[in-house]
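Participant:
In the UniProt record's numbering, the protein residues as written are 1 to 364.
#1: Following a CB-centred definition, is residue 34 positioned closer than 6 Å to any heavy atom of the ligand GDP?
#2: Which whole-angstrom value is the C-beta distance of residue 440 and residue 115, which I expect to be below 8 Å?
#3: How many Å lie between residue 160 and residue 100 at the Cα?
#4: In the structure shown, what three-state DSSP assignment does residue 174 receive?
#5: What is the C-beta distance between residue 232 and residue 287, in whole angstroms, given that I count them as a contact (C-beta under 8 Å)?
#6: Run through DSSP, which three-state label would residue 287 get?
#7: Under a three-way DSSP split, which group does residue 6 fall into?
#8: Could you spell out the range, first to last residue, of the alpha helix (DSSP H) harbouring residue 23?
#9: Are the CB atoms of residue 230 and residue 261 nearer to each other than 7 Å?
#10: Give me the Cα-Cα distance between residue 237 and residue 143, rounded to the nearest whole angstrom.
#11: Taking only three categories from DSSP, how would you classify residue 35?
#12: Tell me the DSSP secondary structure of residue 191 in three-state form.
#13: Which term fits residue 267, buried or exposed, when burial requires 16 or more other beta carbons within 10 angstroms of its beta carbon?
#14: Under a three-way DSSP split, which group does residue 151 fall into?
#15: Quick check: what's the CA-CA separation for residue 80 versus residue 163?
#16: Do residue 244 and residue 254 come within 7 Å of each other at the CB atom, strictly closer than that value?
#17: Please state if the CB of residue 87 and the CB of residue 3 are separated by a distance shorter than 7 Å.
#18: Can you find at least 3 beta carbon pairs, one from the region 58–65 and one from the region 22–32, that sit closer than 8 Å?
#19: Tell me which residues share the same chain as residue 301 and place their Cβ nearer than 6 Å to its Cβ, disregarding the 5 neighbours each side in the sequence.
#20: Do you know how far the Cα of residue 7 is from the Cα of residue 190?
#21: Going by DSSP, name the residue or residues bridged to residue 86.
#22: At the level of alpha carbons, what is the spacing between residue 204 and residue 183?
#23: Going straight from the alpha carbon of residue 110 to that of residue 180, what length do you get?
#24: Residues bridged to residue 115 by DSSP?
#25: Pick out whichever of 82, 90, 285 has its Cα sitting closest to the Cα of residue 15.
#26: Going by DSSP in three states, residue 342 sits in which element: helix, strand or coil?
#27: Could you say which of 331, 235, 332, 303 lies nearest to residue 249 if we only look at CA atoms?
#28: Starting from the Cα of residue 138, find the closest Cα among 323, 171, 49, 175 and give me that residue.
#29: Give the DSSP-derived three-state secondary structure of residue 80 in the structure shown.
#30: Report back the beta-carbon spacing between residue 85 and residue 155 to the nearest angstrom; my notes put them in contact at under 8 Å.
#31: If I'm right that residue 34 touches residue 58 with Cβ under 8 Å, what's the distance once you round it to whole angstroms?
#32: So for residue 30, helix, strand or coil by DSSP?
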């Protein structure tokens, strides 16, 4: 088993964690990735190596996601087939919890084991509010729930490593992207309750719950803006066509053709950043099929809601809100699928010269 610890500007708690892990089980191999902390912290990493860790050094700070990928790549090349447990360097993950996550991680399985905290009691307000915000955003984007989306204590089976190397994102958003893409990649998640430890009110953490959650949720927020623009175009066209023709269904169809054309262009170029002519035909066909499905649903809901006495504008708002999440997931996962692009970005990041490292090994 490997314990992988990404670390940026650590303190004495990193050394203590390495020593405690080695004391608990001398067979545990510990890999620390120094994410460009600089010469001021060299002594801390030297002492971690003396305590029993192998230390890799980034040439400059690239972020937690890049540090994790460096560690995954090194372990893949040096110890294929081992379970990996990722842990934070700030002392918030106890040795007991690290071992509990390791014991739940099946080396032949396909489940990511998450050490999840209970956000109650004396949890700092910053962490409690940030996690609540992140949980709700995650459920909206992923369609399933986790009790702790920010946990860095994770058990990784060997079958997951190649995929993890292809997940994009260099900073804290990387861990969120892993969770968002987990089920699409054919994996699932298992939660293990762990102790909630906050040292000095979590002041040493470099994670910004709201900012970093918004960073990974940016495509959904941009999609919401695009959808709002499409909604305005669609609504204006609907009211104009309805006034001109007096026929609801033809007006809905005409308005949707106008707004869908504008929405496709916005989503393709701005939201999901697909440019050029590659896959354009497939995207147009997929989008047209999705638009037809959404249109049929739209008509059915509009007919029903107006028939029970709701005004046209209110029926329109209710219908669009109901179909928003379905449309986002379908476009993200099917129409403008990012599988190919994610693989290219992940491999490119791994080959970046800024990710070169040197190694320090534990003293014999």
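Built from N, CA and C at the ideal position, the CB exists for glycine as well.
Facilitator: So, to answer that:
#1: Ligands are entirely absent from the displayed structure, and the ligand GDP is therefore not among its contents.
#2: Residue 440 cannot be examined here, being either before or after the span of the chain that is shown, 1 to 364.
#3: 19 Å
#4: helix
#5: Contact doesn't hold; Cβ gap of about 19 Å is too wide.
#6: helix
#7: strand
#8: 12–24
#9: no
#10: 32 Å
#11: coil
#12: strand
#13: buried
#14: coil
#15: 14 Å
#16: no
#17: yes
#18: no
#19: 319
#20: 25 Å
#21: 4, 154
#22: With a pLDDT of only 48 at residue 204, under 50, the local geometry of the prediction cannot be trusted, and the value read off the model is given with reservation. Taking the straight line joining both Cα atoms gives about 32 Å.
#23: 16 Å
#24: 192
#25: 90
#26: Any reading at residue 342 must be qualified, since the residue scores a pLDDT of 35, below 50, and its modelled position is unreliable; no value is offered.
#27: 303
#28: 175
#29: coil
#30: 5 Å
#31: 6 Å
#32: strand
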